[in-house]
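Asks: The opening residue of the sequence shown carries number 4 in our numbering; numbering runs sequentially from there. Yeah, the Cβ is synthetic: ideal placement off N, Cα and C, and Gly gets one too. Pasting a structure here, questions to come.
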Amino acid sequence: MKTFLLVAITAACGGASEGRTDGGNSTSAFDGACDGTASCGEITVRWTMTRPGGEETCADVDATTVRLTATYQADHRVATFSATCDTSAILTSKLPLGPYALQLDVLDAANEVLDTQPAVATLGTAGSITETDVTFVVTPLIKPGTMFGACSSAQPCMGSLECVPIDGSHGMCTTECPSSGEAACQEAAHAEGVADQEDCYTVVSNSQAGLFCAISCDNGTSCPKGMTCDTAAMFGPVCAPQ
């Protein structure tokens, strides 16, 4: 039996902190442009991250930094700013009045971009602060011992999860599909913030037999971070822990 479910994601990195700046982590093509009597303003951007089924923090998705790139539409000059993810807001330095295209990137400790969101802002009045908001969509990292995470004799599954063999070399923590398999798999996926297709697969091995939840990776679907599409899987092709 194969049951396809679409599951999405969400979370909050705490309340926005107005007036938070980049702490000096910036580069700008506007240096000197707002000296003296120049008409300038500032931009502040607040961010959240959300997923159906529960809230998460920046730490839940290993997000450490948010980078703001502001492109001045009049002449395409660029300024970049950064702040720690858990501040939930960033305030630019003074910028010339006019329209800006914004790009917000959320990054992990290795500077890998986890998600990118666009925004726009227009500075229309000297001395003003223009505000805008974005929502990042980041799939939580699948960790060993958790739902869909790797398991072995040295790494047991947490709680009531079962370690089901993926192939001859490793296993995956998952849950059985009861008669209400579709709902059970969806609930499990929501709890982990997985935004992929959930299936019920038949597993028959020397140690286990039954229906278990897994993430399908056929039909061109991608796997969550920390997983890869295993086409040789015992009950696949499925997303298997790396």
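Check this for me: beta carbons of residue 100 and residue 129, under 8 angstroms apart or not?
Replies: To locate residue 100, count along the sequence shown from 1; it is residue 97. To locate residue 129, count along the sequence shown from 1; it is residue 126. Going by C-beta atoms, residue 100 is nearer than 8 angstroms to residue 129.
Asks: In angstroms, rounded to a whole number, what distance separates the CA positions of residue 76 and residue 103?
Replies: The residue given as residue 76 occupies position 73 in the sequence shown. The residue given as residue 103 occupies position 100 in the sequence shown. Spanning the two alpha carbons is a distance of roughly 6 angstroms.
Asks: Which partner residues does residue 248 have in the DSSP bridge list?
Replies: This structure does not reach residue 248, given that the chain is present from 4 up to 245, and the question cannot be answered.
Asks: Taking the beta strand (DSSP E) that residue 48 falls in, what are its first and last residues?
Replies: If you number the sequence shown from 1, residue 48 lands on position 45. Residue 48 -> beta strand (DSSP E) spans 43–52.
Asks: May I have the straight-line CA-CA distance separating residue 241 from residue 188, to the nearest angstrom?
Replies: On the sequence shown, residue 241 is found 238 positions in, with the first residue counted as 1. On the sequence shown, residue 188 is found 185 positions in, with the first residue counted as 1. Cα to Cα, the separation comes out at about 14 angstroms.
Asks: Suppose contacts are defined by Cβ-Cβ distances below 8 angstroms. Is residue 140 in contact with residue 122 by that definition?
Replies: Mapped onto the sequence shown, residue 140 falls at position 137. Mapped onto the sequence shown, residue 122 falls at position 119. No. Outside cutoff.
Asks: For residue 179, which residues does DSSP report across the bridge?
Replies: Within the sequence shown, residue 179 is the residue found at index 176, counting from 1. 215.
Asks: What number of angstroms, rounded off, separates the C-alpha of residue 231 from the C-alpha of residue 243?
Replies: In the sequence shown, residue 231 corresponds to position 228, counting from 1. In the sequence shown, residue 243 corresponds to position 240, counting from 1. If I take the Cα positions, the gap works out to 5 angstroms.
Asks: Classify residue 203 as helix, strand or coil using the three-state DSSP reduction.
Replies: On the sequence shown, residue 203 is found 200 positions in, with the first residue counted as 1. Note: residue 203 maps to strand in three-state DSSP.
Asks: I'd like the span of the beta strand (DSSP E) that includes residue 244, first residue to last.
Replies: Here residue 244 is taken as the residue at index 241 of the sequence shown, counted from 1. Residues 241–244.
Asks: Return the chain-ordered list of same chain residues with a C-beta closer than 6 angstroms to the C-beta of residue 26, the five sequence neighbours on each side being excluded.
Replies: Along the sequence shown, one-based indexing puts residue 26 at 23. Reliability of the predicted coordinates at residue 26 is poor, the pLDDT of 42 falling under 50, and the value obtained from them is presented with this limitation in mind. There are no such residues.
Asks: On the three-state DSSP scale, how would you describe residue 62?
Replies: In the sequence shown, residue 62 corresponds to position 59, counting from 1. It is helical.
Asks: What span of residues does the beta strand (DSSP E) with residue 220 cover, start to end?
Replies: Translated into the one-based positions of the sequence shown, residue 220 becomes position 217. It is not in any beta strand (DSSP E) - residue 220 carries neither H nor E in the DSSP assignment.
Asks: What did DSSP end up calling residue 115 once you bin it into helix, strand or coil?
Replies: Within the sequence shown, the letter at position 112 stands for residue 115. Correct three-state label for residue 115: coil.
Asks: Out of 68, 217 and 93, point me to the one whose CA is closest to residue 145's CA.
Replies: Taking the sequence shown and counting its residues from 1, the one referred to as residue 145 is at position 142. The candidate whose alpha carbon is nearest that of residue 145 is 217.
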